[in-house]
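Count along the sequence shown from 1, add 368, and you get the number used in the working numbering. For every residue, glycine included, the Cβ atom is placed at its ideal position computed from N, Cα and C. A short worksheet on the structure shown next.
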Amino acid sequence: GARRVAADPPAEEPVAFTGRDDEFADAVRAVNELHAKAAQAYERVTELETERTRLVGERQRLADERDGLRAERDAVATRLEGLRARVHGSFVSLALRSLGLIERQLAIIESLEEREQDPDRLETLFQLDHLATGMRRYGENLLVIAGSENKATHPGPVPLLDVLRASISEVERYDRVQIQALPPHAQVAGFAADSVSHLIAELLENATSFSPPDASVQVSGWLLETGEVMLSVQDEGIGMTPERFVELNNRLADPVPEYCQGPQPEDPLGLGLYVVTRLAARHGIRVQLREQQPGGVAAVVVLPTKILPSGPPGAGLPPAPPVGVGATFGGTGPASFLGFPGSEAEANSNTLPGQTRSVSPDQEGAPPSGAAGAGAEPPA
Numbered sequence: 369g370a371r372r373v374a375a376d377p378p379a380e381e382p383v384a385f386t387g388r389d390d391e392f393a394d395a396v397r398a399v400n401e402l403h404a405k406a407a408q409a410y411e412r413v414t415e416l417e418t419e420r421t422r423l424v425g426e427r428q429r430l431a432d433e434r435d436g437l438r439a440e441r442d443a444v445a446t447r448l449e450g451l452r453a454r455v456h457g458s459f460v461s462l463a464l465r466s467l468g469l470i471e472r473q474l475a476i477i478e479s480l481e482e483r484e485q486d487p488d489r490l491e492t493l494f495q496l497d498h499l500a501t502g503m504r505r506y507g508e509n510l511l512v513i514a515g516s517e518n519k520a521t522h523p524g525p526v527p528l529l530d531v532l533r534a535s536i537s538e539v540e541r542y543d544r545v546q547i548q549a550l551p552p553h554a555q556v557a558g559f560a561a562d563s564v565s566h567l568i569a570e571l572l573e574n575a576t577s578f579s580p581p582d583a584s585v586q587v588s589g590w591l592l593e594t595g596e597v598m599l600s601v602q603d604e605g606i607g608m609t610p611e612r613f614v615e616l617n618n619r620l621a622d623p624v625p626e627y628c629q630g631p632q633p634e635d636p637l638g639l640g641l642y643v644v645t646r647l648a649a650r651h652g653i654r655v656q657l658r659e660q661q662p663g664g665v666a667a668v669v670v671l672p673t674k675i676l677p678s679g680p681p682g683a684g685l686p687p688a689p690p691v692g693v694g695a696t697f698g699g700t701g702p703a704s705f706l707g708f709p710g711s712e713a714e715a716n717s718n719t720l721p722g723q724t725r726s727v728s729p730d731q732e733g734a735p736p737s738g739a740a741g742a743g744a745e746p747p748a
């Protein structure tokens, strides 16, 4: 009986015995116990084998589903990339078309200014000129957010004073801005002049927006021992908390991610400082916000030596435009302490001298205005 149940425990019945209580009976009981354990183990093995088969099938199903999801994800990613490229292209194209129209508008206004003799009408034209210049900066912000490079170029270095004057002309409250002392003969490389002008304009816009309407905003600069130029935009506003300074300076010190298309909801930077960060990253410019005493904020901008040519200013550059009627920056007092001409920047100085620009097909026929940071050439 033991040989029989050992040969096939699940199929065979236990060894039967009756009426005995001796060594044989003990042996039979032991055999039957082993038979029961063997039968249970076999049943368990059968159950586990069934479960293993089921799990293998489930794993294969999940693997097939995973592959399907991956394929769907890749298809969606490809589609999104295509949509993003089309939206980006449309975004840039619309911005360039708007800038082209604004450039043509500025050219017409400037032509009217040259022929107008009536002081009141001329003042109105200057105001229209200034508003159009501000519109141009907002259009340029769209290009900066889209990551489009500005193709405007200059044949040579641009005096730092002209760069700052162009910056001031692009802010709404230009009459509150005062230019203090600047490094003598400081220049900005032609390829970076528009970016620097645009960057300073955004800081000036913030300074005039977050300070009392009757308070002045001062712009000054120094030459550092390293050969770099440090600029400061100082306002007399209510300032910020120390935590806010740390938060903003941390973001200003980090390059903006390539995938980022504009300030995110959780980003502490507003649109203006976001644009500043993008422009600064293009040329290695460092920007930091500092607390003013007794109140206000100073935005410090350090221009690296690679955008500060040491040679003489570009030869043959035209002089700055004439001063507009009653539209000088920095209040009513004289600025003889600056020690160089043009210390009072005027409302109509919205151009950088010697600028050349490639004209896109959409902008063909629009006379170039030579403005700082004007429209960019569309991507190829």
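Between the alpha carbons of Gly-507 and Leu-647 lies a distance of about 14 Å. The three-state secondary structure of Gly-589, taken from DSSP, is strand.
With the rule of 3 Cβ pairs closer than 8 Å, the segment 650-661 counts as touching the segment 671-679.
Ser-584 and Arg-452 have their C-alpha atoms roughly 43 Å apart. In the same chain as Gln-661, and ignoring 5 residues on each side of it, no C-beta atom comes closer than 8 Å to its own. Three or more pairs of CB atoms, one per stretch, sit closer than 8 Å, so the segment 533-546 contacts the segment 584-596. Going by beta carbons, Gly-663 and Ile-606 fall inside the 8 Å limit. Here Gln-555 is buried, its C-beta having at least 16 other C-beta atoms within 10 Å. The beta carbons of Thr-594 and Ser-537 sit no closer together than 8 Å.
Of Met-503, Ile-476, Glu-417, the smallest CA-CA separation from Leu-493 is found for Ile-476. For Arg-654, there is no enclosing alpha helix (DSSP H); the residue is found in the beta strand (DSSP E) stretching over 654-659. Per DSSP, the continuous beta strand (DSSP E) segment holding Met-598 begins and ends at 597-602.
In the three-state reduction of the DSSP assignment, Pro-527 falls in the strand class. Judged by DSSP secondary structure, Gln-495 falls outside any beta strand (DSSP E) and instead within the alpha helix (DSSP H) spanning 487-513.
About 15 Å separates the beta carbons of Val-539 and Leu-599, which is beyond the 8 Å limit, so they are not a contact pair. Burial is judged here by how many other beta carbons sit within 10 angstroms of a residue's own beta carbon; Arg-427 has fewer than 16 and is exposed.
One thing to note: Leu-616 has its Cβ no nearer than 8 Å to the Cβ of Leu-639.
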